[in-house]
Amino acid sequence: MRFCRPRGLFFGFRVVVSKPALLLRHRLWCFIFVVIFACSHFSAALFVFSAAAATAESQLRMANARGLSDSFSERLNLEAKIVLLGDSGVGKSSLALRFCRGRFPQYHEVTIGAAFLQQTVRVDKDGSQLKLYIWDTGGQERFRAMAPLYYRDAAGAVVVYDVANASSVEAVRFWVDELKQRGPANCCIAVAANKSDSLESNATEKKEEKGSRADAEAPEAAAPPDSYCEAEGLTFVECSAKTGFNVGLLFEQLAKEVFEQLKQNMMADL
Numbered sequence: 001m002r003f004c005r006p007r008g009l010f011f012g013f014r015v016v017v018s019k020p021a022l023l024l025r026h027r028l029w030c031f032i033f034v035v036i037f038a039c040s041h042f043s044a045a046l047f048v049f050s051a052a053a054a055t056a057e058s059q060l061r062m063a064n065a066r067g068l069s070d071s072f073s074e075r076l077n078l079e080a081k082i083v084l085l086g087d088s089g090v091g092k093s094s095l096a097l098r099f100c101r102g103r104f105p106q107y108h109e110v111t112i113g114a115a116f117l118q119q120t121v122r123v124d125k126d127g128s129q130l131k132l133y134i135w136d137t138g139g140q141e142r143f144r145a146m147a148p149l150y151y152r153d154a155a156g157a158v159v160v161y162d163v164a165n166a167s168s169v170e171a172v173r174f175w176v177d178e179l180k181q182r183g184p185a186n187c188c189i190a191v192a193a194n195k196s197d198s199l200e201s202n203a204t205e206k207k208e209e210k211g212s213r214a215d216a217e218a219p220e221a222a223a224p225p226d227s228y229c230e231a232e233g234l235t236f237v238e239c240s241a242k243t244g245f246n247v248g249l250l251f252e253q254l255a256k257e258v259f260e261q262l263k264q265n266m267m268a269d270l
């Protein structure tokens with residue numbers, strides 16, 4: 001700083017700033033402008049970023065849904081728990097053994113508690129498969145209290161009755177109501193009219209021994225609950241564990257229903 005020459009009665013001062021100082025001041029002002037600009041646009045930039053992120057997330061969710069939907073057109077391998085219910089002696093164990101092992105037991109053994117088998121079923125033309133974990137439950141009265149433990153988390157159930165045993169037919173309504181009231185939601189139910197071969201053998205015996213005492217003692221066929229099953233929306237299949245008649249059809253139809261229900265559940269979880 002230096003004094004200027006006097007002009008009249010007044011004296012003035014003039015500030016002399018070096019070039020490095022001017023450059024520093026210029027840079028300082030540039031920095032201030034950048035900060036102000038950044039702050040003023042930060043909220044707008046944040047809004048744009050949030051909107052972009054939300055859009056990306058939505059697109060990703062849609063892509064996943066499309067991908068899962070597309071995957072349904074390809075091969076799927078799923079698993080499901082199936083429980084067999086019904087009175088004792090109706091052939092639940094025999095049906096499970098015929099379906100899973102392809103054989104019929106020569107001697108009847110009472111199921112104590114529950115038995116476990118598994119089998120894989122092809123459920124679609126594209127090769128999709130459903131692995132069934134089949135729980136065979138005891139039908140004795142003392143085991144009924146334990147039934148909820150067995151059909152918990154079951155995706156499907158087969159209620160079995162003996163076509164020659166009227167009391168087992170009445171038990172069908174009990175088990176269906178039990179499943180609908182206390183069983184898992186959306187559980188697919190099939191009703192199996194087992195021992196259909198006994199009707200043919202009884203008819204043959206009646207014809208051969210007509211008028212004899214054996215004719216009077218031959219068991220009559222129980223009224224089939226097919227109309228009840230139709231009203232309740234249940235799958236109904238006449239079958240025979242002894243001959244293998246319609247045993248595969250019974251489990252295949254139930255497996256397809258369970259498979260479709262599992263796919264709907266997967267789509268609903270997206």
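Residue numbers (full-length UniProt numbering): 1 to 270. For glycine and all other residues, C-beta sits at the position ideal for the given N, C-alpha and C.
query, result
"Check this for me: beta carbons of valine 258 and leucine 249, under 8 Å apart or not?", "no"
"Measuring straight from C-alpha to C-alpha, what distance separates serine 93 and aspartate 136?", "6 Å"
"Checking 8 Å against the spacing of the C-beta atoms, do leucine 254 and isoleucine 82 come in under that value?", "yes"
"Taking the alpha carbon of serine 196 as the reference point, which residue from Gly183, Thr120, Gly244 has its own alpha carbon closest?", "Gly244"
"Give the secondary structure of glutamate 238 by DSSP, where H, G and I count as helix, E and B as strand, and everything else as coil.", "strand"
"Would you tell me roughly how many angstroms separate the C-alpha atoms of valine 172 and glutamine 118, rounded to the nearest one?", "24 Å"
"By a C-beta neighbour count over all protein chains shown, 10 Å radius and 16 as the cutoff for buried, is phenylalanine 116 buried or exposed?", "exposed"
"From alanine 51 to phenylalanine 99, what distance separates their C-alpha atoms?", "Note that alanine 51 scores 45 on pLDDT, short of 50, meaning its location in the model is unreliable and no value can be drawn from it."
"Let me check understanding here. Comparing Cα to Cα, which of Ile189, Trp175, Ala145, Leu76 lies closest to lysine 125?", "Leu76"
"Looking at alanine 193: is its Cβ nearer than 8 Å to the Cβ of valine 163?", "yes"
"Tell me the DSSP bridge mates of serine 77?", "The question names serine, but residue 77 in the sequence shown is asparagine. For asparagine 77, which the question treats as bridged, DSSP gives the partners Gln129."
"Grab the span of the alpha helix (DSSP H) containing alanine 193 for me, first residue to last.", "From DSSP, alanine 193 is part of no alpha helix (DSSP H) but of the beta strand (DSSP E) over 188-194."
"Among Ala231, Gly156, Asn165, which one has its Cα closest to the Cα of asparagine 186?", "Gly156"
"I'd like to check one pair, alanine 241 with leucine 132: are the Cβ atoms closer than 8 Å?", "no"
"Whole angstroms is fine: what's the gap from serine 227's alpha carbon to proline 105's?", "31 Å"
"Take cysteine 239 as the anchor and find which of Phe251, Arg144, Glu178 has the nearest alpha-carbon.", "Phe251"
"Should aspartate 87 be labelled buried (16 or more other beta-carbon atoms within 10 Å of its own) or exposed?", "buried"
"Three-state secondary structure (DSSP) at tyrosine 228?", "helix"
"On the criterion of 16 or more Cβ atoms from any shown chain inside 10 Å, does methionine 146 qualify as buried, or is it exposed?", "exposed"
"Straight-line CA distance for alanine 231 to glutamine 181?", "17 Å"
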